[in-house]
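K.L.:
Residue 1166 is where the sequence shown starts when you use the working numbering, and the numbers rise one by one after that. The beta-carbon is built from N, C-alpha and C at its ideal position, and this holds for glycine as well. First the structure, then my questions, so here it is.
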Amino acid sequence: MENISTGLKWVIGIIVTILIVAAGVSIYLVINNYFIRAQEQTLAQTQMINQAEFNSYDNKKVSGQDVINAAMKFKGRPQFSILIKTGVNPTGFYAENTYKTYYALPSKTDEETGEPYFHFDKDSAGTPYSVSEMLNQSENESDNTKNCNINTLSLFTAKLYRDKNGEVRVIEFTQ
């Protein structure tokens, strides 16, 4: 009789252990889904906050002063370029940045994804101009081929170019 009672205790102990482990696994799976969802939402909100600084430029009319402010604000941003096209310089020029990275506007798209294809534009970037050179009205060239002056009262149309990850790579300002 004692063997049966000991055997029942063992069986009950094993069943209780299995139930505890099963409950733990179930709780883990439920909580893990919540953690994954929370992490995805956090990443989405972080990206939205990071990209919010560009909302004021997304297909909007901005002043020349806003162009100057953008050149100063994003000067230290890696893998980013600002292309400025004025009335006297329609081919445009790049605002100088700390990393010396100048992206060309995407002229083609990736065949598989249809996303814009970005590449560095070191050959046609020419001389990038600093904010002080853009504001210097005393040294206008007579032929205006390299004119980088920006009238702070003029209007520009801003256009954002994003890569396949949704990151803004180029802001194009056209007067």
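Quick one: grab the DSSP three-state call for E1325.
P.N.:
Checking the sequence, you will find Leu at residue 1325 rather than Glu. Of the three classes helix, strand and coil, the one that applies to L1325 here is strand, per DSSP.
K.L.:
Can you tell me the Cβ-Cβ gap for I1315 and I1247, rounded? I've got them flagged as a contact below 8 Å.
P.N.:
At roughly 11 Å, the Cβ-Cβ gap does not stay under 8 Å, so I1315 and I1247 are not in contact.
K.L.:
Can you list, in chain order, the residues of its chain whose CB lies under 8 Å from that of S1228, leaving out five sequence neighbours each side?
P.N.:
T1317, L1318, S1319, L1320 and F1321
K.L.:
Taking its Cβ as the centre, do 16 or more other Cβ atoms sit within 10 Å of N1262, making it buried, or is it exposed?
P.N.:
buried
K.L.:
From S1307 to A1260, what does the alpha carbon distance come to, in whole angstroms?
P.N.:
With a pLDDT of 49 at S1307, under the threshold of 50, the modelled position of that residue is not reliable, and the figure given next carries that caveat. Each residue's CA atom was taken as its position, placing S1307 and A1260 some 21 Å apart.
K.L.:
Excluding five sequence neighbours on each side, which residues of the same chain lie with their C-beta closer than 6 Å to the C-beta of T1310?
P.N.:
For T1310, the predicted structure reports a pLDDT of 49, less than 50, and the residue's modelled location is therefore unreliable. The matter cannot be settled from this model.
K.L.:
Can you find the residues in the same chain that come closer than 7 Å, C-beta to C-beta, to D1288, ignoring five residues on each side of it along the sequence?
P.N.:
Residue placement at D1288 cannot be trusted, given a pLDDT of 49 that sits under 50; the coordinates are not used to answer.
K.L.:
Within this structure, are the beta carbons of Q1244 and R1334 separated by less than 8 Å?
P.N.:
In this structure, R1334 lies closer than 8 Å to Q1244 by Cβ.
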